[in-house]
Amino acid sequence: MYSSLVRLQNTFGFFTSVVFAVAALVALTDFITPRAPNVITLKTTSLSVVKGRPHYYSSKKEEYALIKFSLEADLSSLFTWNTKQVFVYVTAEWPASGDNSTNEAIIWDQIITAPSADHLSNLTPTAKKKLIKSAAGKSIDPSRGRISVKNQRYKYQITHPSGRIAGTSDVVLKLHYNVQPWVGLLTWNQNADFWKWKQLKGDRSRKFSLPAIKAKAGTKN
5 MYSSLVRLQN TFGFFTSVVF AVAALVALTD FITPRAPNVI TLKTTSLSVV
55 KGRPHYYSSK KEEYALIKFS LEADLSSLFT WNTKQVFVYV TAEWPASGDN
105 STNEAIIWDQ IITAPSADHL SNLTPTAKKK LIKSAAGKSI DPSRGRISVK
155 NQRYKYQITH PSGRIAGTSD VVLKLHYNVQ PWVGLLTWNQ NADFWKWKQL
205 KGDRSRKFSL PAIKAKAGTK N
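Under the numbering used here, residues 5 to 225 are what the sequence shown spells out, in order.
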């Protein structure tokens, strides 16, 4: 006959197999849920390039760009009952000289949690309490994925290893997202449609050029 220890091991093994099977099924539900994120507006509202120390720990003065922008996007289809949070960020991209590569720098980011993950938000106690209360009883809240910001201030300045960035041309802003599920794989922007998952549309602004040092431009691209 089996000893108590063997029975316990068998029970634990069976329980583990069931948990993994359920987790796999939960992860697979993401692939049968349609995704159709789109960007309605993404444009610059203010551009400037200054020379100085972009960070307190910078050892030398260099040119760095400051970009403000407006963004309106609908990422609500990325939120399902298995979504923990969505990491959204905007980058500035421009061709690198001498090769076919691209320079890329993040200028703004935001973490959007699902109602079931609000307790993980890095918020003040009062703000967190209001957020949890508003999400009571909801596993999915599509409004969380709707972003609307106007003349949004940058979070991060743009620099270049050469120390020069003024006058850079063919710069575009691009929206990115990263879906972090409770169970399953992390997913990023798609380059093409995949079954029920659609490519992010309108994720790029028009091309623009960075102004000369200390010059400012209120262009709308």
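Using N, Cα and C, we set each Cβ at its ideal position, and we do this for glycine too.
1) Check for me: the beta strand (DSSP E) holding S14 runs from which residue to which?
2) Take every Cβ of the segment 148-155, pair it with every Cβ of the segment 58-78, and state whether three or more of those distances are shorter than 8 Å.
3) Leaving out five residues on either side along the sequence, give the residues of the same chain with a beta carbon under 6 Å from the beta carbon of K178.
4) Classify T106 as buried or exposed, calling it buried when 16 or more other Cβ atoms lie within 10 Å of its own Cβ.
5) With C-beta atoms as the reference, is T172 less than 8 Å away from L214?
6) Of the choices K55, T48 and G17, whose alpha-carbon is the least far from that of S166?
7) Could you please give me the residues that DSSP links to G56 through a beta bridge?
8) Spell out a yes or no on whether the segment 54-68 and the segment 30-39 are touching, meaning 3 or more CB-CB pairs, one atom from each, closer than 8 Å.
9) Can you tell me whether K178 is helix, strand or coil according to DSSP?
10) Just to confirm my understanding: we take Y1, look at its own chain, exclude 5 residues before and 5 after, and list those with CB closer than 8 Å. What are they?
11) In whole angstroms, give me the CA-to-CA distance for K88 and I111.
12) Since P165 sits in a beta bridge, which residues does DSSP pair it with?
13) Note down, in chain order, each residue of its chain lying with its Cβ closer than 6 Å to the Cβ of V92, except the 5 sequence neighbours on either side.
14) Suppose you measure from the CA of K47 to the CA of A170; what does that come to, to the nearest Å?
15) Return the chain-ordered list of same chain residues with a C-beta closer than 8 Å to the C-beta of K64, the five sequence neighbours on each side being excluded.
16) Give me, in chain order, the residues of the same chain whose beta-carbon lies closer than 6 Å to that of K159; leave out the 5 immediate sequence neighbours on both sides.
17) What does DSSP give as the partner residues of F73 in its beta bridges?
18) Do K200 and P38 have their beta-carbon atoms positioned less than 8 Å apart in this structure?
19) Along the chain, where does the beta strand (DSSP E) containing Y61 start, and where does it finish?
Let me lay it out:
1) Working through the sequence shown from its first residue, we reach residue 14 at position 10. Per the sequence presented here, residue 14 reads as Asn, with Ser not at that position. Where N14 is concerned, there is no enclosing beta strand (DSSP E), although the alpha helix (DSSP H) it sits in stretches over S8 to T33.
2) yes
3) By 1-based counting over the sequence shown, the position of residue 178 is 174. T95, E97, D207 and R208.
4) Your numbering for residue 106 matches position 102 in the sequence shown. Burial call: exposed.
5) In the sequence shown, residue 172 corresponds to position 168, counting from 1. In the sequence shown, residue 214 corresponds to position 210, counting from 1. Closer than 8 Å, so yes.
6) Residue numbering aside, residue 166 sits at position 162 when the sequence shown is read from its first letter. Comparing Cα positions, the closest option is K55.
7) Residue numbering aside, residue 56 sits at position 52 when the sequence shown is read from its first letter. E66.
8) no
9) Taking the first residue of the sequence shown as position 1, residue 178 is located at position 174. In the structure shown, K178 sits in a strand (DSSP, three-state: E or B).
10) The chain is shown from 5 up to 225; residue 1 falls before or after that span and cannot be answered.
11) By 1-based counting over the sequence shown, the position of residue 88 is 84. By 1-based counting over the sequence shown, the position of residue 111 is 107. Going from the Cα of K88 to the Cα of I111 covers about 24 Å.
12) What you label residue 165 is simply residue 161 of the sequence shown in a count that begins at 1. Paired residues: none, contrary to the question.
13) Sequence index remark: in the sequence shown, residue 92 carries index 88 (1-based). Q114 and Y181, listed in sequence order.
14) Taking the first residue of the sequence shown as 1, we reach residue 47 at position 43. Taking the first residue of the sequence shown as 1, we reach residue 170 at position 166. Each residue's Cα considered, the two are about 19 Å apart.
15) Residue mapping note: residue 64 aligns to position 60 of the sequence shown, counting from 1. Excluding positions up to five away in sequence, the list reads R57 and G167.
16) Position 155 of the sequence shown holds residue 159. So the qualifying residues of the chain are W112.
17) Along the sequence shown, read from residue 1 onward, the residue named residue 73 stands at position 69. According to DSSP, F73 shares a beta bridge with T48 and Q156.
18) On the sequence shown, position 34 is the one that residue 38 refers to. On the sequence shown, position 196 is the one that residue 200 refers to. Cβ distance < 8 Å, so P38 and K200 count as in contact.
19) The residue you call residue 61 lines up with position 57 of the sequence shown. Looking at the DSSP string, Y61 is not in any beta strand (DSSP E), and its letter there is neither H nor E.
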